[in-house]
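Taking the numbering used here, the leading residue of the sequence shown gets 8, the next gets one more, and so forth. Okay, structure first, notes after.
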Amino acid sequence: MSATIALSLPYTGKLIADNYLTYWTLIESEKPFLISVEIAVAVSLIMLFNYLVSNWKNRKFANMARNDMGLVLAAHPKSFRVKKRLKKFKEQQGLGKDVMLIGSTGFNTFVNPESDLHHIIQNCRGAKVMLLNPFGEGACLRAKSIPDPEITLEHFREQITKSVDFLKSLTILQKDIQLKLYEETPLFKLTVLGDYVFMKYYHAGLNVQEMPEYIFKHSSSHGSMFHPLYQFFLSRWRDSTIPEYDFESDELVYKDNSGNEIKREKLASLAMTPRKLPCQVDS
């Protein structure tokens with residue numbers, strides 16, 4: 008093959024030269040055609056240059072996001088293929104390991120059989136989970152901020168109750184599950200699986216399922232977003248004002264900064280207490 012190409016080069020070169028001279032004699036006097044060719048070549052070169060510059064900038068920002076910030080992926084939930092791939096990736100990182108999670112109701116995160124963490128929570132080594140207090144101000148404000156008529160405070164409370172029952176069923180199987188219920192409006196949905204943090208933002212007026220999910224990997228870079236997000240979870244988990252849920256007694260356990268128990272409160276009693284939350288006040 009190489010020999011054939013080499014032997015044909017002289018003939019090919021002569022053919023091109025002869026045809027070039029023939030065509031040039033025909034078009035050298037056609038100024039409109041020559042101008043059109045020049046414009047087409049100029050436009051093509053401009054487009055090529057812009058593409059190369061844009062591609063270089065995109066690569067630069069991608070390297071900055073990956074190497075400095077630790078950003079591995081920004082996944083949009085509308086892509087079924089990406090969702091399936093993301094679920095598989097989470098299972099690879101979380102099965103048989105410790106799980107740390109901050110969410111709102113938890114139902115679409117680990118209770119729903121189709122959710123990303125359903126099998127992970129069931130097969131993890133241990134889990135620290137933080138959900139909204141169903142009778143707190145945060146749950147009320149979050150439910151009210153979503154314009155979907157199907158999402159109400161009662162709907163939120165029902166989903167949180169199902170999440171608590173699901174986690175309780177795992178503790179019966181000797182799973183090391185810890186649950187805390189916080190009062191504030193949720194800010195981030197965070198999941199820590201191994202060396203990765205998965206983050207979504209609770210945007211007012213939007214269901215969190217519609218928000219993109221960002222994945223950050225642990226690295227030695229000081230600019231990595233893994234570290235502040237991981238510390239955010241730890242600071243919330245260690246906050247003594249957030250009570251831990253006792254699965255055996257169905258009570259909220261309050262402790263001081265030293266870890267000493269202060270009081271206990273039945274979660275069911277909060278439902279019986281006639282308490283008007285500020286977000287329920289009619290405008």
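Every residue gets a Cβ at the ideal spot worked out from N, C-alpha and C, and that includes glycine.
| query | result |
| --- | --- |
| Buried versus exposed call for V215 [16 or more other C-beta atoms within 10 Å across all chains shown] | buried |
| Endpoints, the beta strand (DSSP E) within which F189 is located | The residue you asked about is not Phe; residue 189 is Tyr in the sequence shown. First-last of the beta strand (DSSP E) with Y189: 183-189. |
| Selected residue, minimal CA-CA separation from G77, among K262, I42, R243, G230 | G230 |
| Own chain residues within Cβ distance below 7 Å of D202, not counting five before or after | K224, H225 |
| Reference G212, options G266, T168, P156, Y189, closest by Cα | P156 |
| D123 burial status per 10 Å Cβ neighbour count (16 or more: buried) | buried |
| Cβ contact (3+ pairs, closer than 8 Å) linking the region 93-113 and the region 246-256 | no |
| Rounded straight-line distance, which links the Cα of M218 to that of A82 | 9 Å |
| Nonlocal neighbours in the same chain, by C-beta distance under 7 Å from Q129, ignoring five residues either side | L177 |
| Minimum C-alpha distance to D105 - residue among G133, R271, A150, E251 | G133 |
| Same chain only: Cβ atoms within 8 Å of H126, ignoring 5 sequence neighbours per side | E98, L102 |
| Given G110 as reference, the closest of S86, F96, L138, K85 once Cα atoms are compared | L138 |
| As assigned by DSSP and simplified to three states, the class of M54 | helix |
| Contact between the region 192-206 and the region 233-240 (3+ Cβ pairs under 8 Å) | yes |
| Coarse secondary structure for L124, derived from DSSP in three states | coil |
| Cβ neighbour criterion (16 or more within 10 Å) applied to Y189 | buried |
| DSSP beta-bridge partners of F205 | T198, I222 |
| Burial state of L108, where buried means 16 or more other Cβ atoms lie within 10 Å | buried |
| Rounded C-alpha distance that separates G145 from K175 | 23 Å |
| Where the beta strand (DSSP E) containing D253 begins and where it ends | 251-253 |
| Proximity below 8 Å, CB of T112 to CB of Q166 | yes |
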